[in-house]
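Protein chains: 2
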Amino acid sequence: MALIKAAQSMIAVGKLNVPVLEITQAADVGMGSFYNHFDSKEELFEAAVADVLDSHGAVLDLLTSGIEDPAAVFACSFRLSGRFFRERPQESRILLANWGALLSADRGLAPRALRDIKAGVAAGRFHVEDPELTLAVAAGALLGLGHLLQSQPDRDAGATADAVTEDVLRLFGMSPEDAHQVCLLPLPDMLFQE
Amino acid sequence: MALIKAAQSMIAVGKLNVPVLEITQAADVGMGSFYNHFDSKEELFEAAVADVLDSHGAVLDLLTSGIEDPAAVFACSFRLSGRFFRERPQESRILLANWGALLSADRGLAPRALRDIKAGVAAGRFHVEDPELTLAVAAGALLGLGHLLQSQPDRDAGATADAVTEDVLRLFGMSPEDAHQVCLLPLPDMLFQE
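Chain order of the listed sequences is G and P.
Going left to right, the first sequence walks through residues 1 to 194 as UniProt numbering numbers them.
Going left to right, the second sequence walks through residues 1 to 194 as UniProt numbering numbers them.
The structure is reproduced here in C-alpha cells:
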C-alpha cells in the first residue's frame, strides 16, 4: 500500500516529524484516503513497522529454511534480529517506541518465534514449560538488546547480539556448551538495506 | 513536588487524558509553573513514573535489607516487581509505554539491579560476563512479564512472576535447582496500594 511504503521511506531517512499532508503527497493519495485507513500519523507509522517486521520474518524464514536443528533456526533468527537494531536505526527507533508490535501474537516475529520455540521443545532441544511466557521473556530480552545497542553506539553489535542469544538459549534450558556452539554457526548473509 | 503528586493521583485512577489545566489546578500551581518544569503532559507523566520507580526501589531496599544472600535479594526484588504490574495497573500502563525509564542507568530500579547483580557475582552466586548487558536482558524480561500480565488478566501473577525470576536467575548462571530454591523463599509483605 502506497501510504505504508511512503511512511517506511520517511522512517528510513529519519523524517518522523513530517505533516500528514507531506506523506499523502509522497504516496500520491488524498487526505481523505489517509483518514479512511488511519486515525493518526502514529498509527500509520506503527502499521509501517508491523509491515517491516512481517518482511523481516519472511526473510528469516527464507534464510533458515535449510537449517534442520530448530535450536539453530531460533539462534540464527535471534542473532540476525539483534544486528538489525544497529543496521536499521530508524526502523529500530520506531520499533522500540511501539514495542507492543513485537509482542503481538498474530503478526510479525512473535508467531514465528513461538513456532520455533515449540519445534525446539518437540525436538528435545529446548525445555520450556510455558511457551507463551518464554516468548514474552525472549522478546523482552530482544528489546533490552535493542535499547543497549542504540544507547551505546560503540558496542559491538554482533558480539552483543550473540551473547544475548546464548543467554536466551540457556534460559530455554540448553546447556551452556550447546548454547555456545549453536551461536558459533556461520550466519547467512542478510541485506539490511533495501 | 505538587505536579508530580497530582500526576500520580491522576495515573492511579486512570485519568490519562486530562488537560494540563486540570493537572495544574489539582496541584494548585499556575500554567507557567508547569511549563517551567515540563515541555508536555507526557514528560510530566514520565517524571511521575520515574518517581514511582524510585519509591519502589527504596521500598525494595528496605524489605531486602535483612537478606544476606545477594541472589535472594535479587530474586525477592524481581518477584515483587513482577507482582507490581498486576497490583498497580495504571502505573504499569504508563511504565510499559515509557519503558526507557526502567532501563535508565541513573535512577529507579536499574542502578539497584546492577548493584545486586554485581554483588551476586562477587559472592560467586551469579556468573555474568557483562553486567550491563545482563541488566538490559533482565529488564527486558521484566517488561515482557509486565506485558503478558496486562494482556492476560486471568494469568496467575505470582506464579508467572516467580517463573520468570527463575528463568532470569538461570540466565545469570545459577543452576536450575538453586534458582528454584531461591524463588521458594517466603516474600515479605509489600503494600502496593498507597
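We put the beta carbon where it would ideally sit given N, CA and C, even for glycine.
Residue environment for P/Val52: buried (at least 16 other C-beta atoms within 10 angstroms of its C-beta). Of all residues in the stretch 143-171 of chain P, those with a C-beta nearer than 7 Å to a C-beta of chain G are Leu143, Gly144, Leu145, His147, Leu148, Thr160, Ala163, Val164, Asp167, Arg170 and Leu171, reading in chain order. Within chain P, no C-beta atom comes nearer than 8 Å to that of G/Ala26; the closest sits roughly 27 Å away. For G/Ala75, the nearest beta carbon of chain P is not closer than 9 Å to its own beta carbon.
No residue range can be given for G/Ser65, since it is assigned to no alpha helix (DSSP H) and is classified by DSSP as neither H nor E. In this structure G/Val182 is in contact with G/Ala75, their Cβ atoms being roughly 5 Å apart against a cut-off of 8 Å. With respect to P/Leu148, P/Thr160 sits close: the two C-beta atoms are nearer than 9 Å.
Any Cβ of chain G closer than 9 Å to the Cβ of P/Asp130 would place that residue at the interface, and such an atom is present.
Excluding residues up to 5 positions away in sequence, Val73 lie with their Cβ nearer than 6 Å to the Cβ of P/Ile67 in the same chain. Judged by DSSP in its simplified three-state form, G/Phe172 adopts coil rather than helix or strand.
Around P/Ala48, the same chain offers Ile4, Ala7, Gln8 and Ile11 as residues with beta carbons nearer than 7 Å, after the five sequence neighbours per side are excluded. The CB of G/Ala136 comes closer than 7 Å to the CB of Gly144, Leu145, His147 and Leu148 in chain P, given here in chain order. The beta carbon of P/Leu133 sits closer than 9 Å to some beta carbon of chain G. Taking 8 Å as the upper bound for CB-CB distance, G/Leu171 and G/Val121 are not in contact here, some 13 Å apart.
P/Pro111 carries a helical assignment under DSSP once its states are collapsed to helix, strand and coil. For P/Leu80, the CB contacts under 7 Å within the same chain, skipping 5 residues up- and downstream, are Leu60, Leu187 and Met190 in chain order.
Contact of P/Ala50 with chain G is not assigned, every C-beta pair being separated by 9 Å or more. For P/Phe126, there is no enclosing alpha helix (DSSP H), as DSSP gives it neither H nor E.
Boundaries of the alpha helix (DSSP H) around G/Arg93: Pro89 to Ala97. Under the 9 Å criterion on CB atoms, G/Ala113 is classed as non-interfacial with respect to chain P. Closer than 9 Å to the CB of P/Ala101 there is not a single CB belonging to chain G. With respect to chain P, the C-beta atom of G/Gly32 has no partner C-beta closer than 9 Å. If you draw a straight line from the Cα of G/Arg83 to the Cα of G/Ser55, it is about 16 Å long. In this structure G/Ala113 touches G/Leu135 by the C-beta definition: roughly 6 Å separates them, less than 8 Å.
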